[in-house]
Amino acid sequence: MCICHLPCRPVKPNIIGEQISSKMGAHYHCIICSATITRRTDMLGHVRRHVNKGETKSTYIAASAAKPPNEILKEADTDVQVCPNYSVPQKTDSYFNPKMKLNRQLIFCTLAALAKERKPLECLDAFGATGIMGLQWAKHLGNAVKVTINDLNENSVMLIQENCHLNKLKVVVDSKEKEESDDIPEEGEENFGNIKVTKMDANVLMHLRSFDFIHLDPFGTSVNYLDSAFRNIRNLGIVSVTSTDISSLYAKAQHVARRHYGCNIVRTEYYKELAARIVVAAVARAAARCNKGIEVLFAVALEHFVLVVVRVLRGPTSADETAKKIQYLIHCQWCEERIFQKDGNMVEENPYRQLPCNCHGSMPGKTAIELGPLWSSSLFNTGFLKRMLFESLHHGLDDIQTLIKTLIFESECTPQSQFSVHAPSNLNKQEEYGVFIKTTDDTTTDNYIAQGKRRSNETTTNLAKRQKTDVNTEHPPFYYNIHRHSIKGMNMPKLKKFLCCLSQAGFRVSRTHFDPMGVRTDAPLIQFKSILLKYSTPTYTGGQSEGHVQPASEDTVADTVEMSVNDKAEASGCRRW
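Each residue of the sequence shown is one higher than the one before, starting from 68 at the first, in this note's numbering.
Below, the structure is given as structure tokens:
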């Protein structure tokens, strides 16, 4: 076979009569009849004979130009066709990342929990690609949602329409239902719902129409679409933002973070939560410009993405309250202690006094830096997370249940304990995990006004009251990595045991999804290290089998902590001037 993938080797019979293929060097193919000719002069004569006969129309189709078949993948009972090289954005028109499955399931549970409050919901997937996210919404939530999938690429729009027919979903294009005879379901099959597919810029679409739920998942940063998203989002609606520009958010490209988000960051032990608070701050500023406030429902930062989900609260009062929660952070570069700056417009004479540590007095030069601006309030809503957990159990999404449970414990800042789930006993009034939730039934859907307007004022007021019941005590900001603050020459206690020790000392404590070895607590770093030293064992005692050592005095603990800080200073090559 030659590089043109045609059967180029001529077959010759041998003495016995068997046919064998002989090797062939440089050769030519006729563009009209695809004949194989070895000599150039013979090819010229061959083409002249075609011209004399009037045969000038080419029938040759190169095999390399043939379009490779699309692959069909299945996720959450939803089939989607994907183009070749679907996992490489630069080589395909329709990008599909299997590693974002957790992201899709989290957003689905968010929408399912919102659908219990009011229905039907106008939902938008602004960057559809293959359309798998919108297909899952329509297929599993049915008439509770009205899904719109948008993409600017024409090939992606055609692929989304094919995927809709593949999943027995009707496609509405330009307000006209598009039905083809080949795609009409057979008897016994039913359509799960209608999906509207649009081809326009996401900013234009969000300016033209109002939605209850908007999901933004562009390639890279999402700051270019936040203003449009909050322009027409309805009251008590939800905006979810997926940011995949982790190189800038995780402080690997600090100049890009300053350009996109207008904030100063460095690499810290809590860099993932720092990234989440950067995105929330950008979302809050965009909402405030549209006279809207936000309530953060949850924020997740994993290896491949940062997901932030917020609820929109209309009005200048909510916008002012939201703007007040954007503050700067003072970060100590030696011990990595941190604290948000105090409110006020007056210039602080000595901002180092706000830090609980005394590194400025014991270390030379300037020891702290200013990071931000960042979101300084809570990142989780416990009541909403518990309803998301119920929806994940209801729809059989086992992959994210552990993550949601961790988020619930993190929002309450309590150690993990036995966790039980009870199904709601009443369809209209549900009490899930101690949170009272009022949901809608078939009669409440009549409260909607025609042309997609908002429901009656009484229903909206009830939803606002339910929002207040979901708000709990805010969790402490940021976390400490137990390995980062380990004592030299000592064996650390087990993480679960250390959490119990912090809790017994009177501090709020929990694990965090941002870091598997992270501890979220309201204890200052000096107390954190003192308890860690108290329950650590010397290396020569053979580990932790003997139990913890005798409690150290406060002076000994302070000296040990200061020595560990000095060791870090000497290791970094710093000198006292």
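For every residue, glycine included, the Cβ atom is placed at its ideal position computed from N, Cα and C.
Bear in mind that the values here come from a model prediction, so they are computed numbers and not experimental data.
Collapsed DSSP secondary structure at residue i in the structure displayed
i	result
K392	coil
P418	helix
L452	helix
E437	strand
H461	helix
P285	coil
A490	Any reading at A490 needs caution, since the residue's pLDDT is 45, under 50, leaving its predicted position unreliable; the model's value is listed next. Residue state, collapsed to three classes: coil.
N222	helix
H96	strand
T123	coil
S405	The amino acid at residue 405 is misidentified as Ser; the sequence shows Arg. R405: strand per DSSP, three-state reduction.
I549	coil
I227	helix
L140	strand
C399	strand
S577	strand
I332	coil
Pair within 7 Å by beta-carbon distance, residue i and residue j
i	j	result
A572	I598	yes
R298	H274	yes
Y607	T579	no
G195	I174	no
T335	D312	no
L396	L438	yes
V347	W204	no
Y328	A349	yes
L202	I281	no
L474	F365	yes
S445	E340	no
N270	S295	yes
Cβ neighbours of residue i in the same chain (closer than 7 Å, five flanking residues each side left out)
i	result
I471	L452, M455, L456, S459
T481	S577
E122	I99
K409	Q421
D284	F194, T309
D589	P543, F574, R575
Span of the alpha helix (DSSP H), counted from its first residue to its last, around residue i
i	result
T473	468–479
A40	The structure shown does not extend to residue 40, since the chain spans only 68 to 644, so no value can be given for it.
A182	168–182
K564	562–571
S161	No alpha helix (DSSP H) holds S161; DSSP gives it neither H nor E.
N261	Note, N261: premise wrong, no alpha helix (DSSP H); beta strand (DSSP E) at 261–265.
N- and C-terminal bounds of the beta strand (DSSP E) containing residue i
i	result
C190	188–192
L303	300–310
S443	Neither: S443 is in no beta strand (DSSP E) and is coded neither H nor E.
F365	359–368
V377	373–381
K596	Careful: K596 lies outside any beta strand (DSSP E), inside the alpha helix (DSSP H) at 592–601.
I199	Looking at the DSSP string, I199 is not in any beta strand (DSSP E); the run it does join, the alpha helix (DSSP H), is 199–208.
N217	212–217
V149	145–149
V238	237–240
Euclidean distance between Cα positions of residue i and residue j
i	j	result
V239	L374	29 Å
D582	D465	21 Å
R405	S478	20 Å
I554	L188	54 Å
G640	K166	Note that G640 scores 43 on pLDDT, short of 50, meaning its location in the model is unreliable and no value can be drawn from it.
Y338	Y602	27 Å
L380	K237	34 Å
I549	L208	42 Å
I104	N119	19 Å
H232	I139	13 Å
V367	T177	13 Å
R276	T384	25 Å
V363	G432	38 Å
T623	F163	Note on T623: pLDDT 49, under 50, position unreliable in the model; the coordinate value appears next. Approximately 56 Å between the Cα atoms of the pair.
Y419	H427	7 Å
N331	N137	44 Å
H113	V214	59 Å
D144	F278	26 Å
Residues near residue i by beta carbon distance below 6 Å, same chain, minus five either side
i	result
I361	A351, A354, V377, T389
P591	P423
G198	I216, I227, N230
E218	Checking the displayed sequence, the identity of residue 218 turns out to be Asp instead of Glu. For D218, where only same-chain residues beyond five positions count, the Cβ hits under 6 Å are G195, V224.
R115	none
Cutoff 8 Å; reference residue i; Cβ partners in own chain excluding five residues on either side
i	result
S647	The displayed coordinates of the chain run from 68 to 644. Any statement about residue 647 would go beyond what the structure contains.
D146	I139, L140, N230, L233, N234
F372	M167, N170, T309, S310, T311, I313
Near the ligand FAD: residue i beta-carbon under 6 Å from a heavy atom
i	result
N548	No copy of the ligand FAD appears in this structure; indeed no ligand is present at all.
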